[in-house]
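Below is one structure, written out as structure tokens; the observations come after it.
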Amino acid sequence: MRFLHTMLRVGNLQRSIDFYTKVLGMQVLRTSENPEYKYSLAFLGFGGGNPGQAEIELTYNWGTESYDLGTAYGHIALGVPDAYAACDKIKAAGGNVTREAGPVKGGTTVIAFVTDPDGYKIELIQRAEQAAGGGLR
225 MRFLHTMLRV GNLQRSIDFY TKVLGMQVLR TSENPEYKYS LAFLGFGGGN PGQAEIELTY
285 NWGTESYDLG TAYGHIALGV PDAYAACDKI KAAGGNVTRE AGPVKGGTTV IAFVTDPDGY
345 KIELIQRAEQ AAGGGLR
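Using the numbering used here, read the sequence shown as starting at 225 and increasing by one per residue.
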């Protein structure tokens, strides 16, 4: 068994694709349209769809502009080689950094948080280059 993807419902598919590709550096791996059931999908990931890495599935249900995220959702985490540099790049690309890079409370691991256009939280965890897995640089 292996982790394949996380699905996020989005209110504007192109806006979300732009965020994940232009701000976080992911690639669109595949898309599909389902006119009968009125939804569109986009799968994004790092490294051209490396089978060893999980993907993000963006689901747009036609005509739904926003969702209530509720209190159950926490965040998605991405490994980055330098959380400080990643925050600088995200801000330069127009992204929203909600917690600047720095040590986690009560520890030494360097983390940061950003928010996507639909309000989903994304944690950036500083890892050694190899452990970061080819993501945002």
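Backbone N, C-alpha and C define an ideal beta-carbon position, used for all residues, glycine too. This one's a predicted model, so the numbers in the text were calculated from it and none came from an experiment.
Review point. Any idea what DSSP makes of A325, helix, strand or coil?
Key: strand
Exercise for review: Determine the extent of the alpha helix (DSSP H) in which K313 is found, giving its start and end residues.
Suggested key: 307-316
Review point. To the nearest angstrom, how far is it from the Cα of P341 to the Cα of G269?
Key: 17 angstroms
**Study point:** Status (buried if at least 16 other CB within 10 Å, exposed otherwise) for L228
**Key:** exposed
Check your understanding: Is the stretch 335-350 touching the stretch 318-325, taking contact as three or more C-beta pairs under 8 angstroms?
Key -> yes
Practice item. Would you mind giving the Cβ-Cβ distance between L253 and E279, rounded to the nearest angstrom? I have them listed as a contact below 8 angstroms. Key: 6 angstroms
**Study point:** Cα-Cα separation between G271 and Q277, rounded to whole angstroms
**Key:** 8 angstroms
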